[in-house]
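*Asks:*
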Amino acid sequence: MSHPVYLKNGDLVKVNDHVYCSPSWDSRDGTPYSVARIMQFLPPEDAPKGEEGKNYLYTRVRLAWYYRPSDVSDRPVADPRLLLAAIYSEVCDINQLRAKCHVVHRDKISDLSGWKKRPDRFYFNRLFDPYIKKEFEVIPSHDVRNLPDHIRDVLISRYEYVVAEKEVIPDLTDNVRLCDTCQVWCPSADSVLCDRCKKYFHMKCVQPPLIAKPSRGYGWTCAPCSRKHEEQVDSHELRHATPVQVKIKSNAPAARGRGRPRKDKTLAEKEENLPVKHFNMWPFRYFGQHTVAEDTLDPEDLIFPRTASRVGPKYQANVPLDPQPYNPPPEMEERGLDNTVEVLGIFSNLTESESEEMKDRLMNDPKIQSSVDWLTEVVRRLSEAIMEGTMNSVKLTPTRQEKWKKSETLVTDKDWNREEVVAFEDAIQQHGAELRAVRDEVVSRSMPEVVRFYGHWKSEKLGEETRRRKAAGPPAKPVSLQYKTPAEASDGQRVGHSDDDSSIIAQPSKTPSCGACRTRESKVWWKAPKGLPTNILCDNCGTNWRKYADLNVRPLREESVPTTKTREKREGTPLAGPSTKRPRTSVSVSAQSTPPPTISISPQNRCLGCHKAGPPGKVLKCKQCQFRVHAGSCGAIVDPGSVDSWVCELCENEETLEASINPDCLLCPRSAPEDKRKNPWPPSDSFLRACKPTEGQGWVHILCAVFTPELTFADPSRLRLVEGVNTIVRHKWATKCCLCGETEGAAIRCSDCPKEFHSSCAWKQGHKFGFEIQPVKSSRRDTTTTTTFKGESGCMNAIVSCKDHDHSKRDIYDICETNEGGETALQVYCQAYKQAPVSQAHGLLRKARRLDTILGIRNENQNSSYAASAEPEPECRQCHSQFSPAFYRIPAAAARGEQALRGLEGYEGDWMCHQCHFTWTESRNASMAMVV
Numbered sequence: 001m002s003h004p005v006y007l008k009n010g011d012l013v014k015v016n017d018h019v020y021c022s023p024s025w026d027s028r029d030g031t032p033y034s035v036a037r038i039m040q041f042l043p044p045e046d047a048p049k050g051e052e053g054k055n056y057l058y059t060r061v062r063l064a065w066y067y068r069p070s071d072v073s074d075r076p077v078a079d080p081r082l083l084l085a086a087i088y089s090e091v092c093d094i095n096q097l098r099a100k101c102h103v104v105h106r107d108k109i110s111d112l113s114g115w116k117k118r119p120d121r122f123y124f125n126r127l128f129d130p131y132i133k134k135e136f137e138v139i140p141s142h143d144v145r146n147l148p149d150h151i152r153d154v155l156i157s158r159y160e161y162v163v164a165e166k167e168v169i170p171d172l173t174d175n176v177r178l179c180d181t182c183q184v185w186c187p188s189a190d191s192v193l194c195d196r197c198k199k200y201f202h203m204k205c206v207q208p209p210l211i212a213k214p215s216r217g218y219g220w221t222c223a224p225c226s227r228k229h230e231e232q233v234d235s236h237e238l239r240h241a242t243p244v245q246v247k248i249k250s251n252a253p254a255a256r257g258r259g260r261p262r263k264d265k266t267l268a269e270k271e272e273n274l275p276v277k278h279f280n281m282w283p284f285r286y287f288g289q290h291t292v293a294e295d296t297l298d299p300e301d302l303i304f305p306r307t308a309s310r311v312g313p314k315y316q317a318n319v320p321l322d323p324q325p326y327n328p329p330p331e332m333e334e335r336g337l338d339n340t341v342e343v344l345g346i347f348s349n350l351t352e353s354e355s356e357e358m359k360d361r362l363m364n365d366p367k368i369q370s371s372v373d374w375l376t377e378v379v380r381r382l383s384e385a386i387m388e389g390t391m392n393s394v395k396l397t398p399t400r401q402e403k404w405k406k407s408e409t410l411v412t413d414k415d416w417n418r419e420e421v422v423a424f425e426d427a428i429q430q431h432g433a434e435l436r437a438v439r440d441e442v443v444s445r446s447m448p449e450v451v452r453f454y455g456h457w458k459s460e461k462l463g464e465e466t467r468r469r470k471a472a473g474p475p476a477k478p479v480s481l482q483y484k485t486p487a488e489a490s491d492g493q494r495v496g497h498s499d500d501d502s503s504i505i506a507q508p509s510k511t512p513s514c515g516a517c518r519t520r521e522s523k524v525w526w527k528a529p530k531g532l533p534t535n536i537l538c539d540n541c542g543t544n545w546r547k548y549a550d551l552n553v554r555p556l557r558e559e560s561v562p563t564t565k566t567r568e569k570r571e572g573t574p575l576a577g578p579s580t581k582r583p584r585t586s587v588s589v590s591a592q593s594t595p596p597p598t599i600s601i602s603p604q605n606r607c608l609g610c611h612k613a614g615p616p617g618k619v620l621k622c623k624q625c626q627f628r629v630h631a632g633s634c635g636a637i638v639d640p641g642s643v644d645s646w647v648c649e650l651c652e653n654e655e656t657l658e659a660s661i662n663p664d665c666l667l668c669p670r671s672a673p674e675d676k677r678k679n680p681w682p683p684s685d686s687f688l689r690a691c692k693p694t695e696g697q698g699w700v701h702i703l704c705a706v707f708t709p710e711l712t713f714a715d716p717s718r719l720r721l722v723e724g725v726n727t728i729v730r731h732k733w734a735t736k737c738c739l740c741g742e743t744e745g746a747a748i749r750c751s752d753c754p755k756e757f758h759s760s761c762a763w764k765q766g767h768k769f770g771f772e773i774q775p776v777k778s779s780r781r782d783t784t785t786t787t788t789f790k791g792e793s794g795c796m797n798a799i800v801s802c803k804d805h806d807h808s809k810r811d812i813y814d815i816c817e818t819n820e821g822g823e824t825a826l827q828v829y830c831q832a833y834k835q836a837p838v839s840q841a842h843g844l845l846r847k848a849r850r851l852d853t854i855l856g857i858r859n860e861n862q863n864s865s866y867a868a869s870a871e872p873e874p875e876c877r878q879c880h881s882q883f884s885p886a887f888y889r890i891p892a893a894a895a896r897g898e899q900a901l902r903g904l905e906g907y908e909g910d911w912m913c914h915q916c917h918f919t920w921t922e923s924r925n926a927s928m929a930m931v932v
């Protein structure tokens with residue numbers, strides 16, 4: 001026996017009522033409510049079937065969902081009250097019901113603007129099918145006229161609406177079309193229209209029958225009209241008058257006036273309570289171009305939208321009507337016999353004992369045992385070994401597949417690292433089971449690998465849930481509480497809740513501010529979705545977001561009786577419009593009168609450096625390799641208009657060839673050949689793709705350049721042109737990395753222990769990279785470089801600490817953490833401590849001075865043939881240049897005439913630049929070779 005159902009707020013809900021439905025705030029992750037129609041109330045799953053089950057309390061409800069237009073496409077929708085219907089239902093927990101709402105078809109609303117001003121009112125005029133990803137038009141069933149009477153009567157009696165394609169609507173709403181020959185209804189697909197008499201004919205009723213319709217742009221005339229036209233032409237009485245455009249009659253409803261209709265509350269209430277016909281719990285069915293009209297008479301016919309089936313010459317094989325049998329030549333063996341078939345497995349011919357022996361030889365690794373590719377390879381190997389008699393020599397070790405593949409592939413996928421798993425889970429949370437979109441986020445994996453990992457990942461989640469339930473034991477089933485007493489049946493059942501308490505903030509911050517309208521006054525504060533300036537919403541914005549998925553504050557029409565002043569207000573004046581007689585009551589009213597800025601809840605990019613999401617302007621995404629990073633962490637300065645076309649420096653170098661085409665970092669071990677075969681390299685799913693060119697046209701990771709003390713930047717604001725690679729002490733080049741065991745590359749030391757490792761290895765292992773600010777005494781402030789970040793001043797130190805150390809008690813700023821001005825910690829540190837001395841000398845001279853330091857040459861060494869730069873700067877005798885990595889004295893041999901052809905006689909002791917000295921030396925050696 002059915003009984004009434006009441007929501008928590010006291011509303012009575014019944015079948016075919018529209019409600020808000022949503023799980024808890026934590027489960028839905030900030031998404032607004034879903035709008036649905038109640039199809040039926042259901043008892044628990046374990047309730048007895050039949051009449052006895054009707055005596056149990058309702059715990060489930062079947063809902064027919066509606067979609068918001070922004071849910072099915074990325075395009076923003078200006079009208080938050082517009083919905084898309086769907087022929088899709090789902091059984092949910094009855095406690096997910098929130099409140100009642102009203103959803104009607106657009107044609108049933110006479111005053112749309114007034115309808116949208118009332119709370120909890122929605123409308124729809126289209127239907128979206130989630131399976132074929134296509135939208136359809138929805139029209140009332142009584143508007144369909146081009147049908148036989150018996151089919152139209154059945155359609156109108158069962159369904160309130162008809163779903164069809166947009167191009168089919170004019171044919172359906174036209175008058176009934178009867179064949180002029182047989183007087184039988186002719187559908188559009190099988191009929192043709194005479195271009196002169198405007199009569200319809202079956203294509204088979206025309207003599208001779210028409211095989212196909214006229215091509216687009218051509219017309220067709222029936223036989224009487226053609227004969228009449230020929231007679232007029234022969235009699236020369238035909239005159240081509242000036243064509244007069246005749247307005248085509250249409251059966252479409254008249255256009256609505258643009259003026260505001262008078263608000264009639266009784267009419268509005270009547271419109272929202274109009275009865276709607278339902279057949280098998282659905283108010284509409286598909287009746288489009290892929291529907292057979294007679295199938296509507298069958299009550300079991302499917303009502304879902306359909307698409308064109310692949311039938312026709314485009315998808316079928318052209319086979320002759322009487323194919324000749326194939327007789328193979330006598331020298332060729334007939335295909336399909338044992339000699340022409342490759343044996344894929346002979347386990348069906350083995351005895352039970354032999355099969356058990358084969359199973360014992362398999363490996364015990366569960367990951368390998370569940371691999372279909374590996375089991376296929378095992379069957380092939382064992383079958384070939386049994387036929388050749390070499391059973392004992394087969395090694396069942398997982399290697400690469402040797403057959404049935406175009407190229408050798410691993411039988412098991414390579415293990416996923418932490419960064420790939422995090423990117424995969426974030427993509428699943430954002431896109432769901434749309435694995436192609438997930439593949440775009442995890443660029444280092446192929447599509448088959450993503451599909452296989454999704455299956456294992458989902459099975460692992462279900463296994464954890466199953467183990468948790470087994471550990472907790474089966475839930476108690478209080479049958480006495482589920483069974484309805486006569487008092488409960490008469491009083492009704494209380495279900496649902498207005499909203500979960502977890503989304504209400506009891507004690508906001510001292511200075512709360514709404515993330516949408518920026519108001520600071522509200523009785524209730526709600527949790528805000530991600531991507532807003534603050535994490536709270538006022539009561540008005542929170543309600544608008546949960547119900548209408550809209551953060552723009554719009555005043556709603558009150559349902560109470562209007563006052564005298566409201567009645568005197570001129571019809572059509574906006575409710576929130578300014579009034580000279582309206583006093584200013586409070587600050588919150590004036591704040592709400594100003595329209596808030598439009599906030600876009602668009603998909604955000606996830607930085608690979610800090611694994612946090614941000615808007616596209618803040619977190620850049622490479623157009624070519626999909627690499628994502630904070631703009632401040634890679635030194636990128638991009639105009640807001642060209643954010644979508646930004647490319648990383650490695651991809652840009654492929655076109656400009658500014659630096660070496662080998663992207664390997666100079667401070668890290670060289671990459672393995674199998675890693676280099678990946679495209680692109682370095683992999684774009686790691687922060688290690690962020691590289692910068694050096695003064696020698698090489699490349700170093702940004703992490704290596706920042707956290708190696710000897711390196712500096714010529715332009716630290718853009719992290720451009722790394723200098724000082726040759727000044728790194730020899731000890732760092734000879735140190736063995738404790739993580740990878742390689743001695744190649746330059747190592748750095750842990751800030752908290754003596755361990756030494758490469759920067760890239762530390763990043764891959766999850767070590768802590770950041771910056772720490774230490775206070776500086778007043779007596780040392782003149783000699784110590786200090787900076788300020790997030791209100792904290794002092795000496796900023798680059799910290800690289802092993803993950804084994806405890807970092808919870810230290811204030812270490814992440815490399816992508818930003819201050820009030822939008823600068824990252826890495827940016828602030830490089831501008832304060834990584835600036836090369838560009839004001840003292842140009843880049844080539846700075847490099848020469850560093851080479852002087854390495855070679856151990858001092859300015860006071862005057863007896864050496866190689867002289868360092870002195871004061872004043874020397875000048876080359878040949879080219880008169882004052883800039884060179886090294887200057888050389890002109891030897892006395894030139895003055896003795898040994899190389900008179902150079903014209904250096906009498907200039908003994910003058911300077912010669914490095915290039916001229918090299919040219920002169922090569923010329924002298926060539927001359928001496930000719931003499932010999």
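The UniProt record's numbering applies: residue 1 is where the sequence shown begins, and numbers increase by one.
Glycine included, C-beta positions come from ideal geometry on N, C-alpha and C.
1) Could I get the ranges of all uninterrupted alpha helix (DSSP H) runs contained in the UniProt domain "PHD-type" (662 to 792), with 4 residues as the minimum, in chain order?
2) With distance defined between alpha-carbon atoms, name the residue in PRO48, GLU45, VAL61 nearest to GLY496.
3) So what does DSSP say about LYS527, is it helix, strand or coil?
4) Counting Cβ pairs, one atom from each stretch, are 3 or more of them under 8 angstroms apart for the segment 72 to 82 and the segment 47 to 55?
5) Taking the continuous alpha helix (DSSP H) assigned at PHE424, which residues delimit it?
6) Tell me the rounded alpha-carbon separation between ALA47 and VAL450.
7) Which whole-angstrom value describes the C-beta separation of SER760 and LEU688, a residue pair presumed to lie in contact below a C-beta threshold of 8 angstroms?
8) When you compare only the Cα positions, how much space is there between TYR6 and PHE279?
9) Using only the alpha-carbon positions, how far apart do ASP413 and GLY741 sit?
10) Whose C-beta lies closer than 8 angstroms to the C-beta of GLU90 among residues of the same chain, with five residues either side of it excluded?
11) Work out the CA separation of THR31 and LEU551 for me, nearest whole Å.
12) For PRO529 and ALA212, I'd like the C-alpha separation in whole angstroms.
13) Of all the options HIS731, HIS917, CYS625, which has the alpha carbon lying nearest to the alpha carbon of CYS651?
14) Report yes if the C-beta distance between SER671 and CYS622 is below 8 angstroms; otherwise report no.
15) Decide if GLU464 is buried, meaning its Cβ has at least 16 other Cβ atoms within 10 Å, or exposed.
16) Look at PHE707 and ILE748 and say whether their C-beta atoms are less than 8 angstroms apart.
17) Could you tell me how far apart the beta carbons of LEU703 and TRP763 are, in whole angstroms, since I believe they sit closer than 8 angstroms?
18) Could you check whether PRO283 and TYR88 sit closer than 8 angstroms to each other, using their CB atoms as the reference points?
19) Would you give the residue range spanned by the beta strand (DSSP E) that ASP93 belongs to?
20) Entirely within the UniProt domain "PHD-type" (176 to 228) and at least 3 residues each: give me those beta strand (DSSP E) ranges in chain order.
21) Using only CA atoms, which one of PHE713, CYS876, GLU772, ASN726 lies nearest to SER839?
22) Which residues does DSSP list as the beta-bridge partners of SER801?
23) Give me, in chain order, the residues of the same chain whose beta-carbon lies closer than 8 angstroms to that of VAL77; leave out the 5 immediate sequence neighbours on both sides.
24) Per DSSP, MET391 is paired with what?
25) Should PRO4 be labelled buried (16 or more other beta-carbon atoms within 10 Å of its own) or exposed?
26) Considering only the beta carbon of each residue, do GLU695 and LEU711 sit closer than 8 angstroms?
27) Output needed for ASP664: all residues of its chain with C-beta closer than 8 angstroms, excluding positions within five of it in sequence on either side, in chain order.
28) When we look at the beta-carbon of PRO305 and count the other beta-carbons within 10 Å, is it buried (16 or more) or exposed?
29) Distance, Cα to Cα, ARG720 vs LYS470?
30) By Cβ distance below 8 angstroms, which residues in the same chain neighbour PRO140 in space, the five residues on each side in sequence not counted?
31) Where does PHE287 fall in DSSP's three states?
32) Using C-beta distances below 7 angstroms, list every residue in its chain close to GLN831, excluding the 5 sequence neighbours before and after it, in chain order.
33) Determine the extent of the alpha helix (DSSP H) in which ALA472 is found, giving its start and end residues.
34) Mapping the DSSP letters down to three states, classify LYS108 as helix, strand or coil.
35) By alpha-carbon positions, which one of ARG126, CYS101, LYS14 ends up nearest to ARG118?
*Replies:* Well, looking at it:
1) 673 to 676, 702 to 707, 730 to 734, 759 to 764
2) Start at 1 with the first residue of the sequence shown, and residue 496 comes out as number 496. Taking only the C-alpha atoms, the option nearest GLY496 is VAL61.
3) Along the sequence shown, read from residue 1 onward, the residue named residue 527 stands at position 527. Three-state DSSP puts LYS527 in a strand.
4) no
5) Locating residue 424 in the sequence shown gives position 424, counting from the first residue. Taken as a continuous stretch (DSSP letters only), the alpha helix (DSSP H) holding PHE424 covers 418 to 431.
6) By one-based count along the sequence shown, residue 47 stands at place 47. By one-based count along the sequence shown, residue 450 stands at place 450. Cα to Cα, the separation comes out at about 40 angstroms.
7) Counting from 1 along the sequence shown, the entry for residue 760 is found at position 760. Counting from 1 along the sequence shown, the entry for residue 688 is found at position 688. Rounded, the Cβ-Cβ distance is 6 angstroms, consistent with contact.
8) Within the sequence shown, numbered from 1, the residue matching residue 6 stands at position 6. Within the sequence shown, numbered from 1, the residue matching residue 279 stands at position 279. Near 25 angstroms, if we compare the C-alpha coordinates of PHE279 and TYR6.
9) Numbered from its first residue, the sequence shown carries residue 413 at position 413. Numbered from its first residue, the sequence shown carries residue 741 at position 741. Rounded to the nearest angstrom, the two C-alpha atoms are 25 angstroms apart.
10) Counting from 1 along the sequence shown, the entry for residue 90 is found at position 90. Here the set comprises ARG62, LEU63, TRP65.
11) Position 551 of the sequence shown, counted from the first residue, corresponds to residue 551. Position 31 of the sequence shown, counted from the first residue, corresponds to residue 31. So the alpha carbons of these two residues sit roughly 12 angstroms apart.
12) Looking up residue 529 in the sequence shown gives position 529. Looking up residue 212 in the sequence shown gives position 212. Going from the Cα of PRO529 to the Cα of ALA212 covers about 57 angstroms.
13) Numbered from 1 along the sequence shown, position 651 holds the residue referred to as residue 651. Taking only the C-alpha atoms, the option nearest CYS651 is CYS625.
14) As a position in the sequence shown, residue 671 is number 671, starting the count at 1. As a position in the sequence shown, residue 622 is number 622, starting the count at 1. Not in contact: SER671 and CYS622 (Cβ atoms no closer than 8 angstroms).
15) The residue you call residue 464 lines up with position 464 of the sequence shown. Exposed: under 16 other Cβ atoms inside 10 Å.
16) As a first step, residue 707 must be located in the sequence shown, where it is residue number 707. As a first step, residue 748 must be located in the sequence shown, where it is residue number 748. Yes, they are a contact pair.
17) Counted from its first residue, the sequence shown places residue 703 at position 703. Counted from its first residue, the sequence shown places residue 763 at position 763. Confirmed, Cβ separation roughly 6 angstroms.
18) Along the sequence shown, one-based indexing puts residue 88 at 88. Along the sequence shown, one-based indexing puts residue 283 at 283. No.
19) One-based indexing of the sequence shown puts residue 93 at position 93. From DSSP, the beta strand (DSSP E) with ASP93 extends over 89 to 93.
20) 191 to 193, 200 to 202
21) Along the sequence shown, one-based indexing puts residue 839 at 839. Among PHE713, CYS876, GLU772, ASN726, the Cα nearest to that of SER839 belongs to PHE713.
22) Position 801 of the sequence shown, counted from the first residue, corresponds to residue 801. Its beta-bridge partners are LYS768.
23) Here residue 77 refers to the residue found at position 77 of the sequence shown. Around VAL77: ARG68, PRO69, SER70.
24) Sequence index remark: in the sequence shown, residue 391 carries index 391 (1-based). None, per the DSSP bridge assignment.
25) For the purposes of this step, residue 4 is taken as residue 4 along the sequence shown, with counting starting at 1. PRO4 comes out exposed.
26) The sequence position of residue 695 within the sequence shown is 695, counting from 1. The sequence position of residue 711 within the sequence shown is 711, counting from 1. It is not a contact, given that the beta carbons lie outside the stated cut-off.
27) Locating residue 664 in the sequence shown gives position 664, counting from the first residue. Around ASP664: ARG670, SER671, TRP699.
28) Taking the sequence shown and counting its residues from 1, the one referred to as residue 305 is at position 305. PRO305 comes out buried.
29) Mapped onto the sequence shown, residue 720 falls at position 720. Mapped onto the sequence shown, residue 470 falls at position 470. Near 58 angstroms, if we compare the C-alpha coordinates of LYS470 and ARG720.
30) On the sequence shown, position 140 is the one that residue 140 refers to. Excluding positions up to five away in sequence, the list reads HIS105, ASP107, GLU160, TYR161, VAL162.
31) Numbered from 1 along the sequence shown, position 287 holds the residue referred to as residue 287. If DSSP states are grouped into helix, strand and coil, PHE287 belongs with coil.
32) Your numbering for residue 831 matches position 831 in the sequence shown. Once the five neighbours on either side are set aside, the close Cβ partners of GLN831 are PRO716, SER717.
33) Indexing the sequence shown from 1 puts residue 472 at position 472. Counting along the chain, the alpha helix (DSSP H) containing ALA472 begins and ends at 447 to 472.
34) Looking up residue 108 in the sequence shown gives position 108. Looking at LYS108 - three-state DSSP - the assignment turns out to be helix.
35) If you number the sequence shown from 1, residue 118 lands on position 118. Comparing Cα positions, the closest option is CYS101.
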